[in-house]
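The sequence shown begins at 1221 in our numbering and counts up one residue at a time.
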Amino acid sequence: MSSLTARAERIAERARSLPPIAVDAVLTAACMGNAVAQMLGEGTFTWYLVGVALCGCLPLLWRRRYPFEVTMICGICTVWLSLAHAIGDLPAAQLVATYTFAALCPPAERLIAAVGTLAGITISLGPKITDVQEIGIDFALTMVCFTVAYALGTGGRARRDRIAMLEERAARLSEERAAAATRERERIAREMHDILAHSMSMIAIQAEAGPLAVRTDPDRAERMFDTISETARDALAQLRRALGVLRSEPDGAPRRPAPGLTALEALVEDVRHAGLEATLERDGRPRPISSDLEVTAYRIVQEALTNTVKHAEARAVRVRLIWRDDALAVEVSDDGRGPSTAVATANGRKGGHGLVGMRERVTAAGGDLVTGPGPDGTGYRVRAELPLSGD
């Protein structure tokens, strides 16, 4: 039994691999052979009726493109042959047409075709019936056959709709995965830019001032070299965490937590070691926020301080966290040269992407970013409003 089932499955698989026109040609030939055989069995074989049967079977070649029209033509020819007593109770061509319109036609055409098929069955069986019992038996047998054909067609349509739905869902999931991968690449690029730009700027400034401090203030020079070492190690740790999402951590080793608001003091301290008067102020009542929002706030401050150290030629910089009921405002302002350098950096003329990255981060958090001169027209200020309603 299992060998027969396996053989049937192989045959079905080969049939599905055939071109549709080849399958329809085989069906057309089989239906035509059935019609001729029934004529011979009924003793009504004439070339005239063979022509009618050919007109009823040949349109099956186009049943996939014109299912409703093919059903109507097959139905008319089937009734014609039945009234001529040239066909039995199981017209193969009309059963194939019934399967076809059930599988391919829209609801309105299916209803019309079903009503037409029922009328055709009634007309075809009428002249052959001589008593009520015979009417009931023949009509029931014929209706069972046509109902099975219709049910098979409906099942085929359901399978096709389900396959289309699954394909659409797979395509949508593929697009979502591609979009998620793009967002993740952009996030990693921003993280790496923020980490490297800030850390390398701190290291470069300390290294440039180190030789002078060695000659004039050895203690300060020692602190500067310690800062270089700590900054480099911290940058490496943050890079490992940023790139850790691209591979699995060995032996389940925990990753270093993402930097947050508690790390701002160390960030400001690094700027002090670079020679600026840096302060960190907190206004309002702090409240717990999501880790993503903490990282966003930290990276905004980090990038703003990096720009200040690299480009502003400032003497002092102030970082403020302003807590409100519905938002956290992050503000970094300096007394440097003003917005010209930062604008050039944002536009890419000096190779930087700091302000662009900040704006992307703030937009992703649903907030607003404002950059430009300070309140009195001097220096440069970065201010981000990060909503807290979702926390």
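Built from N, CA and C at the ideal position, the CB exists for glycine as well.
Check your understanding: Which partner residues does S1300 have in the DSSP bridge list?
Key -> Contrary to the premise, residue 1300 reads as Trp rather than Ser in this sequence. Partner(s): none; W1300 has no beta bridge.
Practice item. With V1529 as the anchor, note down where its beta strand (DSSP E) starts and where it stops. Key: Where V1529 is concerned, there is no enclosing beta strand (DSSP E), given that its DSSP letter is neither H nor E.
Exercise for review: Locate the beta strand (DSSP E) running through R1540, then write down its first and last residues.
Suggested key: 1536-1543
Point to revise | L1303 versus A1391 - alpha carbon distance | key: 52 Å
Review point. Is the distance from the Cβ of A1534 to the Cβ of G1592 below 8 Å?
Key: no
Point to revise | Cross-strand partners of R1603 (DSSP beta bridge) | key: E1551, V1590
Review point. Beta-carbon separation of V1552 and V1491 under 8 Å?
Key: no
Practice item. Could you say which of R1544, G1480, T1291 lies nearest to Q1458 if we only look at CA atoms? Key: G1480
Point to revise | Pairwise C-alpha distance: R1435 and D1554 | key: 30 Å
Point to revise | For R1505, the three-state DSSP class (helix, strand or coil) | key: coil
Check your understanding: Does the distance from the C-beta atom of A1384 to that of S1419 stay below 8 Å?
Key -> no
Exercise for review: Return helix, strand or coil for A1498, following the three-state DSSP convention.
Suggested key: strand
Practice item. Please confirm whether T1362 and L1338 have their CB atoms less than 8 Å apart. Key: no
Check your understanding: So the alpha helix (DSSP H) H1493 belongs to, where does it begin and stop?
Key -> 1484-1493
Review point. In three-state terms, what does DSSP make of I1448?
Key: helix
Review point. DSSP state of R1285, grouped into three classes?
Key: coil
**Study point:** Extent of the continuous alpha helix (DSSP H) run through T1598
**Key:** From DSSP, T1598 is part of no alpha helix (DSSP H); its letter is neither H nor E.
Check your understanding: Would E1605 be called buried (16 or more neighbouring beta carbons within 10 Å of its own) or exposed?
Key -> buried
Review point. At a cut of 8 Å, does the region 1364-1374 reach the region 1320-1334 through at least three beta carbon pairs?
Key: yes
Check your understanding: Is the CB-CB distance between L1301 and I1293 below 8 Å?
Key -> no
Exercise for review: Starting from the C-beta of A1312, find all residues in its chain whose C-beta is less than 8 Å away, skip the five residues before and the five after it, and write them out in chain order.
Suggested key: A1250, C1251, N1254, A1255
Practice item. Compute the distance between the beta-carbons of G1586 and E1523, then report whether it is under 8 Å. Key: no
Exercise for review: Tell me whether the beta-carbon of V1529 lies closer than 8 Å to the beta-carbon of L1496.
Suggested key: yes
Review point. With distances taken from CA atoms, which of S1449, L1432, D1588, V1515 is nearest E1411?
Key: V1515
Practice item. Could you tell me whether the Cβ atoms of V1290 and R1283 are closer together than 8 Å? Key: yes
Review point. How many angstroms separate the CA atom of E1404 from the CA atom of E1485?
Key: 28 Å
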